[in-house]
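Undergrad:
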Amino acid sequence: MRQHVRSRERHQADQQARERYAQLSAREREVLGLIVEGLTNKEIGRALTLSPRTVESHRARVFAKLEVASLAHLIRQYAALVDRDVGLTLRRAFGRLGWWGRAKLIGGLGASLFVDEAVDAGEIEKLKQGDFLESSFG
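Take numbering that gives the first Met the number 0: the final residue in the sequence shown is number 137, and no numbers are missing along the way.
(1) Ordered along the chain, which non-local residues of its own chain (more than five positions away) have a Cβ less than 8 Å from that of Asn40?
(2) Using the Cβ count rule (16 or more neighbours within 10 Å means buried), how would you classify Val30?
(3) How should Gly32 be labelled, buried or exposed, when 16 other C-beta atoms within 10 angstroms of its C-beta is the threshold for buried?
(4) Please confirm whether Leu112 and Leu104 have their CB atoms less than 9 Å apart.
(5) In angstroms with no decimal places, state the Cα-to-Cα distance between Glu138 and Leu38.
(6) In the structure shown, what three-state DSSP assignment does Gln76 receive?
(7) Check Glu116 in the structure and name its three-state DSSP category.
(8) Looking at the structure shown, is Ser50 part of a helix, part of a strand, or coil, going by DSSP?
(9) Helix, strand or coil, according to DSSP, for Gly97 in the structure here?
(10) Measure the CB-CB distance between Val81 and Arg28 and report whether it falls below 9 Å.
(11) Between the alpha carbons of Leu73 and Arg26, how many angstroms are there, rounded?
If you want it as structure tokens, here you go:
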């Protein structure tokens, strides 16, 4: 019985975290992703071509919207959600590739436009379990 109660509480907390995460703007999600990666405000500013002061402003809004008081709490609660953001994962993977890897990726994506292939729900769930893109390009 206690295990069921803890499971239900954990599920509710996860649901609330997802709802708060959904309130973030695209820029705030980018900043959050870089915070979770361990970048400083100055490094985040360079990566996003923002001033460190602007990064501090975004960071403060992220902390407020997600209702977290510390960096440790932010990472513990939201790192998994950041990693599931496909756009952010694609940007990370693309950024780590050299020019030849980027050319192959873009060519593969272009070629995939002409393929009529069905993907079942089981395959999608399997991909959700692991970080497929990171393992493929990392």
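Cβ coordinates follow ideal geometry from the N, Cα and C atoms, glycine included. Just so it is clear, the structure is predicted and the values come from calculations on it, not from any experiment.
TA: Let's see:
(1) Pro51, Val54, Glu55 and Arg58
(2) buried
(3) buried
(4) no
(5) There is simply no residue 138 to check, as the chain begins at 0 and stops at 137 in what is shown.
(6) helix
(7) coil
(8) coil
(9) coil
(10) yes
(11) 17 Å
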